[in-house]
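For the protein sequence lines, the chains are A and B, in the order given. Mapping of the first sequence onto my numbering: residues 51 to 572, in sequence order. Mapping of the second sequence onto my numbering: residues 448 to 675, in sequence order. Working notes, beginning with the structure itself.
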Amino acid sequence: MRNVLRAILRSLEISNFELASNGNEALTIIRKRRPDIILCDYNLGDGKDGQQVLEEARDRQLIGVETIFVMLTAENTREMVMAAVEHIPDSFLTKPFTAELLKTRLEKLIQRKARLSKVDQALLAKNYTGAINGLNSLLADKPKNRLELLKIKAEALISANHLEEARKVYQGVCDERDVRWARIGLGNVHLLKKEYPKAEEILRGLISEDPAIIHAYDLLAKVLLAEGRLEDAETILEQAAELSPRGLKRQVMLAELAFKEGDTESAEKWFRNAVKLAKHSHHNHPAIYGGLALSLTANGKHPEAVKVAHELSRNFVGHSEVEFYRATATAMIKANQGELKEAAAALAIAELERDAVSGARASQLGLEMIGVYAKLGQREKAEAILHNAIANNHDDEGVLKQIKQICENAGLEETDEKQVNQIRQEVIKVNNAGVRLIKEGNYEAAIKMLRDAADKLPGNKTVSLNTAKALIMKMEQQGVQADDLHLLRDYIEQVRIVAPDDWRLADVSSRLQRLMANKEKV
Amino acid sequence: MAMDFSDMLASSIHDIKNSLSLISTTLSGMIDNPKNTFADTHQATLLQHQVQRVNHNLMQLLSLYKLGEGALSIDIDEQNVEDLFIECLANNQTICQALGVTLSYECDPMLNGFFDLEMIRSVIDSTIGNAQRYCKARIQLSAREEDGFLVIRVEDDGEGFPAAFLHHGTADEHLTLDQPRATGRTRLGLIFAEKICDLHRSGERKGHIDVKNNCGGLPGGCFELWLP
Chain A
51 MRNVLRAILR
61 SLEISNFELA
71 SNGNEALTII
81 RKRRPDIILC
91 DYNLGDGKDG
101 QQVLEEARDR
111 QLIGVETIFV
121 MLTAENTREM
131 VMAAVEHIPD
141 SFLTKPFTAE
151 LLKTRLEKLI
161 QRKARLSKVD
171 QALLAKNYTG
181 AINGLNSLLA
191 DKPKNRLELL
201 KIKAEALISA
211 NHLEEARKVY
221 QGVCDERDVR
231 WARIGLGNVH
241 LLKKEYPKAE
251 EILRGLISED
261 PAIIHAYDLL
271 AKVLLAEGRL
281 EDAETILEQA
291 AELSPRGLKR
301 QVMLAELAFK
311 EGDTESAEKW
321 FRNAVKLAKH
331 SHHNHPAIYG
341 GLALSLTANG
351 KHPEAVKVAH
361 ELSRNFVGHS
371 EVEFYRATAT
381 AMIKANQGEL
391 KEAAAALAIA
401 ELERDAVSGA
411 RASQLGLEMI
421 GVYAKLGQRE
431 KAEAILHNAI
441 ANNHDDEGVL
451 KQIKQICENA
461 GLEETDEKQV
471 NQIRQEVIKV
481 NNAGVRLIKE
491 GNYEAAIKML
501 RDAADKLPGN
511 KTVSLNTAKA
521 LIMKMEQQGV
531 QADDLHLLRD
541 YIEQVRIVAP
551 DDWRLADVSS
561 RLQRLMANKE
571 KV
Chain B
448 MAMDFSDMLA
458 SSIHDIKNSL
468 SLISTTLSGM
478 IDNPKNTFAD
488 THQATLLQHQ
498 VQRVNHNLMQ
508 LLSLYKLGEG
518 ALSIDIDEQN
528 VEDLFIECLA
538 NNQTICQALG
548 VTLSYECDPM
558 LNGFFDLEMI
568 RSVIDSTIGN
578 AQRYCKARIQ
588 LSAREEDGFL
598 VIRVEDDGEG
608 FPAAFLHHGT
618 ADEHLTLDQP
628 RATGRTRLGL
638 IFAEKICDLH
648 RSGERKGHID
658 VKNNCGGLPG
668 GCFELWLP
């Protein structure tokens, strides 16, 4: 394909280009040269595929909104790319194509970027009001691409948490014409509004009409998880994974779900797939190997589990969490083999590693240890972690249900409803009191109260967010103080770890940006 | 993950297509380079034309195979029809010029439709490829709206389709493969086009194809895609 591209580009009299022979080389060139246009074959031979190049380039912010990314596909690869909804290239071009076609397509894309450049910039800065205003003025001109603009507008409305307005946009499009993205959008809005039965109805309808519509499966799985219907969610994800076996996130989700439900055979299968898929992905993580090792030992395959734990250390040299996952897996393997002393020693290492991690992430790591604690009879430690997890997720029904499942599998059934409710009520009480103080304008007291709670529960996004909100409001009214600013950034970071997509996080971040911009002007 | 037949088919087609791309682009380079002299430049162009035919056939085979497996998904969205025609012209103009065929289009610049851009583009490309073999000197693309359908038409000024090929998509009959040796023409392209149109649905309505002759534009074959 490189020879083809070289010839095509030369015939278009383009001389300022570089060719890469594989995904890693492509990323190196992208980092160094910051190209305006990237033409990337999906199939790059061994190593990363085109989709992974796109993901990594976007995630690492090597390419911005102004970069044009065209994915070159053979017919057999188009579905694979389309199945990945988070990172969609600007355009697909089916091979083979002539130089003239490439030129025409690129011209169209360049014009499109130019028209949308203000909107794109606003979206990037999380300035949703600005983006929506920009879209409205484009829409007022009766453009050829009206629906495309409406789609971007609905997404911006969702990001700004104007869910009802987003719903109206999608509904309006659907009333005109049965467009798939608009129906998926409707399903998503109902999910975000926690109107789960409605969301489920729409998404199931889409799937029954077109069983190949991967995005609908993923959203439906989210709906079912939020309702705590773990088994149903697993079934849907399994169907999606069969249709689109290269989605790493989905495989990991499936593996974790199966493991939490005690279905260790399935967990082993999914973790195996995930390990293979993750090999060339920048989403590769020790947790995936850790999960495989734990599934293997649960299925009695101890020697292979030991091997995986070794691979884990070898493949993630220098990774901050490699020791934690290796030690946790080792503790479980040893415990299963009846070598309790060695198990306890490994567990101690895992505890040290966990304690070295701060805040929100530490409580996530804690959950990984429940099984080992239960196995080694350290019930109190397991319960402490579970209580902490409940308090961290006091307003998330889906997660609470999963925590309950973990308890059952670990044989810790005493964590009953009453106890869960009590823990939840305590968090709700403090949180509400803090919010009330914010409303009264008593920021000092609100910050003190919420910080107290947030520092005890660094994994609780709601409490951390409200603390951040109190801080930003105080600064908006009373001016920026270095101490407050420092604290605010810490809390924003804390939320980013547990809930990077929460709209409230985007809200606080953009308010902080505006505040700092105004400060500079003064 | 074990390889099944579909994967093997897909990966060999991928390989073949990369080779075809290289052959095609190299040929273009040879044709465009004034230093190269061909005894008959027409030969090089014919080669180019055949490369595209092989490619269309491969793609149709794979797509039909995947359709049978229920693994073909399409991405229907609003598209501008003129933009589509401009791309079709860009992809086919060189060969048409070499073959002495005038390829043109006619449509309202504001006309939009709902379809999978790459799929419909490939259907039109392969229809143009077919028309190149049977036309005298002209191929014309046009589009209009009728009964709530977007109708895309590819006409040529040749002898027209043989009677056995004529087809009206709304009738309850389906196209079947002919014995290729009997006629020299398989209906693979038509079947592919019909299946792809059939995947385009809106509510109760679905797409279809019409194969006619002498529709009023050019005197020869007239191939229509009806997309809801």
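Where is the CB? At the ideal position from N, CA and C, for every residue including glycine.
Cβ shell of residue i (< 8 Å), same chain only, five flanking positions each side left out
i	result
R322/A	L342
H330/A	G73, G97, K98, D99 and Q102
DSSP state of residue i mapped onto helix, strand, coil
i	result
N492/A	coil
K329/A	coil
R474/A	helix
K653/B	strand
I138/A	coil
N334/A	coil
I87/A	strand
M51/A	coil
M525/A	helix
N559/B	strand
N442/A	helix
N516/A	helix
Q111/A	coil
L200/A	helix
R585/B	strand
Beta-carbon contacts of residue i that lie in its chain and below 6 Å, excluding the five residues immediately before and after
i	result
A503/A	V480 and V513
A283/A	A271, L274 and L275
I80/A	A107 and L112
I87/A	I118
N365/A	none
C395/B	Nothing in the structure corresponds to residue 395/B, since chain B is present only between 448 and 675.
L515/A	V545 and R554
Y423/A	K431 and A432
I599/B	A590 and L672
Beta-carbon contacts of residue i that lie in its chain and below 7 Å, excluding the five residues immediately before and after
i	result
P556/B	E529
R376/A	A359, L362 and S363
N386/A	T347 and H352
K243/A	L213
A337/A	Y375
K201/A	W231
V302/A	A324 and I338
L537/A	L521
Counted within 10 angstroms of its Cβ, other Cβ atoms place residue i as buried (16 or more) or exposed
i	result
N66/A	exposed
Q452/A	buried
E440/A	For the sequence presented, residue 440/A should be read as Ile rather than Glu. By the 10 Å Cβ count, I440/A comes out buried.
D563/B	buried
G388/A	exposed
S71/A	exposed
E553/B	exposed
N411/B	Here chain B covers residues 448 to 675 and nothing more, so residue 411/B does not appear.
S258/A	exposed
M499/A	buried
P146/A	buried
R486/A	exposed
F670/B	buried
K642/B	buried
I160/A	exposed
Beta-carbon neighbours of residue i, restricted to chain C and to distances below 9 Å
i	result
M51/A	This model lacks chain C altogether; the protein chains it does include are A and B.
beta-carbon residue i near the ligand COA non-hydrogen atom, thresh 7 Å
i	result
A164/A	Ligands are entirely absent from the displayed structure, and the ligand COA is therefore not among its contents.
Could you pull out every unbroken alpha helix (DSSP H) segment of at least 4 residues lying fully inside the stretch 225-293 of chain A, listed in chain order?
-> 230-242, 246-259, 264-276 and 280-293
Scan the stretch 461-483 of chain B for residues whose Cβ lies nearer than 8 Å to a Cβ of chain A and list them as they occur along the chain.
-> H461, K464, N465, L467, S468, L469, S471, T472, T473, S475, G476 and D479
Those runs of the beta strand (DSSP E) which lie wholly inside the stretch 457-528 of chain B and span at least 3 residues | 524-527
Would you list, in chain order, the members of the stretch 236-266 of chain A that have their beta-carbon closer than 9 Å to a beta-carbon of chain B?
-> E259, D260, P261, A262, I263 and I264
Hey, which unbroken runs of the beta strand (DSSP E) at 3 residues or more fall wholly within the stretch 140-192 of chain A?
-> 141-144
Where in the stretch 341-419 of chain A do unbroken runs of the alpha helix (DSSP H), each at least 4 residues long, occur, reported from the N-terminal end onward?
-> 352-365, 372-386, 390-406 and 409-418
Return the residues of the stretch 527-547 of chain B that lie within a Cβ-Cβ distance of less than 7 Å from chain A, sorted by chain order.
-> N527, D530, I533, E534, A537, N538, Q540 and T541
With 7 Å as the limit, tell me which residues of the stretch 559-580 of chain B have their beta carbon closer than that to any beta carbon of chain A; keep them in chain order.
-> N559, F561, E565 and S569
If contact means a Cβ-Cβ distance below 7 Å, which residues of the stretch 638-661 of chain B contact chain A?
-> S649 and G650
Taking only beta carbons into account, state which residues of the stretch 72-105 of chain A come closer than 7 Å to chain B, listed in chain order.
-> N93
Which of the residues in the stretch 205-230 of chain A, read from start to end, lie with their CB under 8 Å from any CB of chain B?
-> R227, D228, V229 and R230
Relative to chain A, which residues along the stretch 484-508 of chain B have a C-beta separation below 7 Å, given in chain order?
-> N502 and M506
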